[in-house]
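> When the letters of the sequence shown are read in order and numbered with this note's numbering, they come out as residues 654 to 769. Idealized CB from N, CA, C, for every residue including glycine. Sharing a structure below in structure tokens format, with a few things to ask.
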Amino acid sequence: MATMGKYCKAYPISRLREFNQWTEYSENARKEKNEIDGVEVEIARQFTESDFLYLQENYVVTDGIFLDENIVFDNVTPEWKDFCRDVLEFEVPVYEPVKVSEPIKADASTGSDNQQ
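So, in structure tokens, the structure goes:
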């Protein structure tokens, strides 16, 4: 079963290819259904400059929103992380825990809140 990460961001493939150590596993691209000689087959799609890929929270790049499927780039190095931060301005948000306050109690005699 596919794993959904907590955060990913879509980028045009042309921006990702600006990284000087970029290599891509195009064979891991999402499959497209095509009909060849009357038979439906699935083949990896061919990337174009107008395609978008997903930079995941763990700095792996995928062809889709799932963290562990269709991995196109996984050479996560300090240089790659610097490129993501400095050039792509990629930053995984830090989610602060939400504090739940006590509910306001209704005044039993009037049926209304205690607020004025």
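Report buried or exposed for Asn723, applying the criterion of at least 16 other Cβ atoms within 10 angstroms of its Cβ.
The residue in question, Asn723, is buried, as its Cβ has 16 or more Cβ neighbours within 10 Å.
> Within a Cβ cutoff of 6 Å, which residues of the same chain sit near Asn711, ignoring the five residues on either side of it in sequence?
Once the five neighbours on either side are set aside, Asn711 has no close Cβ partner at all.
> What is the rounded straight-line gap between the Cα of Gln709 and the Cα of Phe726?
Each residue's alpha carbon lies about 10 Å from the other.
> Tell me which residue opens and which closes the beta strand (DSSP E) that Leu720 is part of.
Per DSSP, Leu720 belongs to no beta strand (DSSP E) and is neither H nor E.
> For a quick check, are the C-beta atoms of Asp705 and Pro665 less than 7 Å apart?
Note on residue identity: the sequence assigns Phe, not Asp, to residue 705. Contact flag set, yes.
> So which of Lys662, Lys758, Thr656 has the shortest CA-CA distance to Glu742?
For the residues Lys662, Lys758, Thr656, the minimum Cα distance to Glu742 belongs to Lys662.
> Does Asp716 pass the burial test, meaning 16 or more other C-beta atoms within 10 Å, or should it be called exposed?
So Asp716 ends up on the buried side.
> Using DSSP's beta-bridge definition, name the partner residues of Ile689.
Val692.
> Mapping the DSSP letters down to three states, classify Phe736 as helix, strand or coil.
Helix, per DSSP.
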